[in-house]
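What the sequence shown shows, in mature numbering (1 follows the signal peptide of the UniProt record, and there is no 0), is residues -19 to -1, 1 to 179, in sequence order.
Cβ atoms here follow ideal geometry from the backbone N, Cα and C, with glycine treated the same way.
Just so we're clear, the structure is a prediction, and the values are computed from it rather than from any experiment.
A short write-up of the structure that comes next.
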Amino acid sequence: MRKFVLIAFVLLIGIQADAQVKVSPGLRGGLNVSTLTNIDDNSSKTDFYVGGLVNIKFNKFFSVQPEINYSRQGDEGRYLENGRYYSEKYELNYITLGAVAKFNFGGGGFHLLAGPSLDLKVSDNYINTNPEDFDLAFVGGLGYTLPNGLTFEARLKQGLIDIYGYNGYDYDNNGYYYNDVILNQVFQIGISYTFKTK
């Protein structure tokens, strides 16, 4: 047992000595194309996200990137009034706290990314309903990083919580029946820049 502990300790020291962890702060921003699932007659809404990141690079193949962002989401719907349809943008604005794992491949700047996000609602423009104050989401995507630290990414963010809290079966004040959960879904295209650090 002592030999095993000694060998494990020596290996751990060797791994830490060999590892050259590099921490680089950065900025990110881009375009949101968002929608809410399972709502008839609604369409996607175009808006933006902006925020900061810290890229923690463990080696040339793998890094972890905590992020904080302001993300404008929701969708665009229509409503009937006096026999006429009107369009209306439904706003759901979040501060998002996330962390993605980035896997570099191909010997170049390409990477796959995936990770969780906690979204805290800061505002909405809903009148008759009260969306949930937070959402949990899963993020996945693909990107390319240039040698100067500029990165281009495409991501899909899928919400996991019914933002109305109907749990699939309930009525609103107007007597409408909701049979499906309503989830945030966002497609993001953006750029980020990580500052070079020693």
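Taking DSSP as the reference, what is the three-state secondary structure of residue i?
i    : result
N23  : coil
K102 : strand
D116 : strand
N109 : coil
Q166 : strand
Q1   : coil
K83  : strand
I142 : coil
Hey, residue i and residue j are a contact pair by Cβ (cut 8 Å); roughly how many whole angstroms apart?
i    : j    : result
F133 : Y125 : 5 Å
L141 : G122 : Not confirmed; about 17 Å, so no contact.
Y51  : I76  : 6 Å
Please state whether the Cβ-Cβ distance between residue i and residue j is less than 8 Å.
i    : j    : result
D100 : F115 : yes
G32  : R59  : no
G55  : E72  : yes
K102 : H92  : no
G171 : G11  : yes
N36  : S5   : yes
S173 : L34  : yes
Alpha carbons only, please: which of the options is nearest the one belonging to residue i?
i    : options             : result
L94  : N109, A135, L8, L17 : A135
P128 : G87, E113, T175     : T175
I163 : I172, P112, G122    : P112
Y145 : K41, L17, T27       : L17
N23  : F42, N36, K3, E57   : E57
K26  : G64, K3, N74        : N74
N19  : D143, T178, A80     : D143
Give me the Cα-Cα distance between residue i and residue j, rounded to the nearest whole angstrom.
i    : j    : result
Q169 : Q1   : 31 Å
N85  : Q46  : 13 Å
N165 : E48  : 19 Å
R53  : V14  : 10 Å
S44  : A80  : 10 Å
N109 : D161 : 18 Å
Y150 : G90  : Only weak support is given to the placement of Y150: the predicted model assigns it a pLDDT of 45, under 50, and the value that follows is read from those uncertain coordinates. Rounded to whole angstroms, Y150 to G90 spans 47 Å at the Cα level.
L131 : N63  : 51 Å
F29  : Q139 : 16 Å
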